[in-house]
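Protein chains in written order, with the working numbering: chain A, 103 to 534; chain B, 42 to 365; chain C, 355 to 438.
The beta carbon of each residue, even a glycine, is placed where N, CA and C say it ideally should be.
Computed from a predicted model, the values in this text were never measured in an experiment.
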Amino acid sequence: MSDFKLPSLGADMDAGTLERWLVAPGDTVKRGQVVAVVETSKAAVDVEIWQDGQIEELKVQSGQKVPVGTVLATLRTTVPTRDQTPKQTPELIPEPTPEPILKTPTRSSDKSTPDRPQPISSKAQPAQTTQAAEQTVPAVPAPTQPVPASASRVRISPAARKRALKIGLDWSRLKGSGVQSSVVLADLEHISQAKQVSAASPSGVLAGRQQAMRRAIAAAMSRSKREIPHNYLSESIPMTLALAWLQQHNAGVVITERLLPAVLQLKAVALALQQVPQLNGHYVDGEFHSVDAVHAGMAIALRGGGLVAPALHDVQSKPLTVLMRELTDLVKRARAGSLRSSEMSDPTVTVTNLGDQGVESVFGVIYPPQVALVGFGAISARPVVEAELVCARPVVTASLAADHRVTDGHQGALFLTALRELLQSPEQLEMP
Amino acid sequence: MAAITYREAVREALREALQSDARVFLMGEDVGRYGGTYAVSKGLLDEFGPQRVRDTPLSELGFTGLGIGAALGGMRPIVEVMTVNFSMLAMDPIVNTAAMMRHMSGGQFSVPVVIRMTTGAGRQVAAQHSNSLEGWYAHVPGLKVLAPATLEDARGMLAPALADPDPVLIFEHAGLYNMEGELPGPVEVDIRRARVRREGQDVSLITHGGSLPKALKAAEVLAEQGVSAEVLDLRVLRPLDETSILASVRKCRRAVVIDEAWRSGSLAAEVVARISEQAFFDLDAPLARVCNEEVPIPYPRHLEEAALPQVEKITAAALHLMGR
Amino acid sequence: MNMNRDQLKSTALDVLRGIAPEVEPNTLEPAIPLRHQVDLDSMDWLNFLIGLHERLGVNIPESENANLVTLDNVLDFLQAHGQD
């Protein structure tokens, strides 16, 4: 038996509202499966469970707001109970979570359908663990009755869905008044009217979220600056070789396989961090915990304002094409508001690339409990000295903001030097 | 003008047909001397004589085939099959000959026969005499199937049916014969369109034949509860007037189909399928059907009533779609 | 595939809106740099080119990037190379 507790999905998060369950008692769940959607002050986040098992009881109901660490559900497991709480403790400063736009309802229900086992199928699964034999399988409804959807899924009539998408309304949290509690047109009208009545925010739900996200970022950044003694280093890195390699690579592949310079830079950061592991990990309760893998938080600006930095996992071991693909997907999902809790809680370092904005360099604010933030400015033609002559070459300024409690300038310099060297041999970056 | 019954309206239509076209004749069991099992053809034998109003032997298969043969030979017979129950004995000539002759002859022959049948339940005549099988005939290409549910249609549908060069089946619900109302003079109706009998906004009650009065009554009950129900009389079961059906459903966004037949493989199922195929994104609620309970129609009154669509079942279905 | 300039423009704007939904297509100045009018980072730009490739079958080589500054530049290129 083990407890599934509400994880912290952002450092300034003390509590969250259980928006809906995507599983029901009796469902078999697998490690990594999204089991619930939790509403934080900024977003609705998909929450994964980190153990295999069978849901025993749902302790918190939809709509309930509970503190971080509250037991949300109990789980029957046959494996030794592992501590499920993520590495961070509730006190930590948040990483700003994404603002979901209107695709949230379709996205959640679409995603959850393949993962979420129906009560009927759980009976049909072969008893691969002893738990099925030991425990009573929940009663399966007769085939003539409609399959009971899990408690969570919001039904909406086709007409109402069409209208909601058109007017940009998130119906995932509406209470439906139609057949089987489905959301119907009349329910949308109530919401629209209610929105008109509330003069506070210009566009209701979304503006509220945006304000909340801004507040969260404000809180996080303030706390970071208060608590983390930042020290800064920067290095100008010639990009001639890297860009030449990139150009050649891109010319030989289809457009969908092209790589961006940012991916080269990201991979170089990961490999450089393996040489200076004191910059990759978490500072918790006065102690630094280094992490072997480099889960790089990618700073992604959201259209319309706001910033998120979800993790791209295991950057050090992935080929460039995989990183490109995953980054593209991550950006898309970040902007659509459909990130996973593991992406929010896992980064071991953050990389911010403001190159496209055309600024020379960026010195960022570290996201606790991380201890470093790497910044890249624009790649631009600058005068450099080669063989005692001045010539124009593409150069990028890479910066490092580091937590002085954990590292000194020396380690930072080693890191930036390694980064520079790696970007001079781009073919090294291709290999995992 | 004086009140007229549905039965009398049909009789008037028959009279007019016999008067206006010498090729027309009525044939069936007990249509002549007896005046018709439901008294529809009462007096017609006296008026038109035994060549035009012909009593047939007790053999649906035989006399339906005769009628079809007469139609092929240039006559315009109105074959009366006492009830749809007995028509099962004549299904082969109706389906395999009348319906298919045009196709099988490459257009050389057609069968301009009109077959009138009584259908439906509600008079405690028990299982074998209470079926509603018009849906079976609506299944067959080559047939036109009509269900007059109003005095106007009872009076008016026969003429265009006779004018049609292909077989037309007319189903008269037994419970409607005594229905009374006013009918100002001769009427002209089409045999292609459904008709909105009562306008509404919230839910469309789609029905035909003997269930029409129940649907109208249900609409009144619903109005008292704040639900505005539209009532659509299908009138033509084959070919279905999809345009009217979809227009009504798109407006109301909810629909209940009422069909006095068993739901399985019913005409109601066909209507629901078409709505779901073509108006899915306009629906604000699932589609519903009110049909017979899946049992042979019982003989005792209270059980028979329980087995058929009733006003209460229709209103309950509509309210359910409203989320109540 | 033979499209006239208007059709190309409408397709290109459609692709653009898929990436930057906040854009009002009729307010775009075709002769002013696109990235001055729309917030497009390098990934957005690549996705824009991929979108054009998928919709119009035109491959825009990376070497052209420097020349494709305005919407007019893009349409010129598409017209010149769209007859594959």
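- Scanning chain A for C-beta atoms nearer than 8 Å to the C-beta of B:ASP71 yields nothing, as the closest lies near 45 Å away.
- For A:LEU524, the CB contacts under 7 Å within the same chain, skipping 5 residues up- and downstream, are ALA370, LEU373, ALA374, GLN530 and LEU531 in chain order.
- Within 10 angstroms of the beta-carbon of A:CYS493 lie fewer than 16 other beta-carbons, which makes it exposed.
- For A:LYS264, at least one C-beta of chain B is nearer than 8 Å to its own C-beta.
- Measuring C-alpha to C-alpha distances from B:GLY77 to each of B:PRO225, B:LEU257, B:ALA215 and B:ALA314 identifies B:ALA215 as the nearest.
- A:THR179 is not bridged by DSSP to any residue.
- For B:GLY110, DSSP records no beta bridge to any residue.
- Interface annotation, B:GLY364: in contact with chain A, CB-CB separation under 8 Å.
- Around A:LEU362, the beta-carbon contacts reaching into chain C at under 7 Å are SER396, MET397 and LEU400.
- Using beta-carbon distances, C:LEU403 counts as an interface residue toward chain A, with a partner under 8 Å.
- Identification of residues in the region 289 to 312 of chain B having a C-beta nearer than 8 Å to some C-beta of chain A yields ARG294, given in sequence order.
- Comparing C-alpha distances from A:VAL378 to each of A:LEU366, A:VAL464, A:LEU120 and A:VAL393 shows the shortest one belongs to A:VAL393.
- Distance from the CA atom of B:HIS144 to the CA atom of B:GLU229, rounded to whole angstroms, is 30 Å.
- Taking 8 Å as the cut-off, the beta carbon of B:VAL94 is found closer than this to the beta carbon of B:SER82.
- Proximity of chain C to A:ALA353 at the Cβ level (cut-off 9 Å) is accounted for by PRO415, GLU416 and SER417, in chain order.
- Within chain A, no residue has its beta carbon less than 8 Å from that of B:HIS144; the closest one is some 38 Å off.
- Three or more beta-carbon pairs separated by less than 8 Å are not found between the region 315 to 329 of chain A and the region 367 to 384 of chain C, which leaves the two stretches without contact.
- Interface with chain C (8 Å Cβ-Cβ cutoff): A:THR423 is excluded.
- Going by beta carbons, B:MET141 and B:GLY183 fall inside the 8 Å limit.
- Under the DSSP definition of a beta bridge, B:ARG157 partners with B:GLU121 and B:ILE211.
- Rounded to whole angstroms, the gap between the alpha carbons of A:PHE390 and A:VAL396 is 15 Å.
- A distance below 7 Å between beta-carbons, with the five flanking residues on each side excluded, links B:ALA131 to the following residues of its chain, in chain order: GLU101, LEU102, THR105 and VAL122.
- By the neighbour-count definition (other C-beta atoms within 10 Å, threshold 16), A:HIS384 is a buried residue.
- Closer than 8 Å to the CB of B:ALA326 there is at least one CB belonging to chain A.
- Taking C-beta atoms under 8 Å as the contact rule, A:LEU404 and A:ARG437 qualify, at a distance of about 6 Å.
- For B:GLY176, the enclosing alpha helix (DSSP H) starts and ends at 175 to 178.
- Listed in chain order, the non-local C-beta contacts of C:ASN401 below 7 Å within the same chain comprise ILE373, local neighbours out to five positions each way being set aside.
- Residue pairing by DSSP puts A:PHE478 in a beta bridge opposite A:ASN455 and A:ALA500.
- For a Cβ distance threshold of 7 Å, nothing in chain A lies close to B:ASP243: the least Cβ distance comes to about 10 Å.
- Here the alpha carbon of B:GLY73 sits roughly 5 Å from the alpha carbon of B:LEU86.
- Residue contact check for B:PHE322 against chain A: a CB pair falls below 8 Å.
- Against chain A, a Cβ distance below 7 Å from C:HIS407 picks out ILE357.
- A:GLY406 has a beta carbon lying within less than 8 Å of a beta carbon in chain C.
- For A:THR430, the nearest beta carbon of chain C is closer than 8 Å to its own beta carbon.
- Taking 4 residues as the minimum length, the alpha helix (DSSP H) runs contained wholly in the region 268 to 337 of chain B are 283 to 293 and 308 to 319, in order along the chain.
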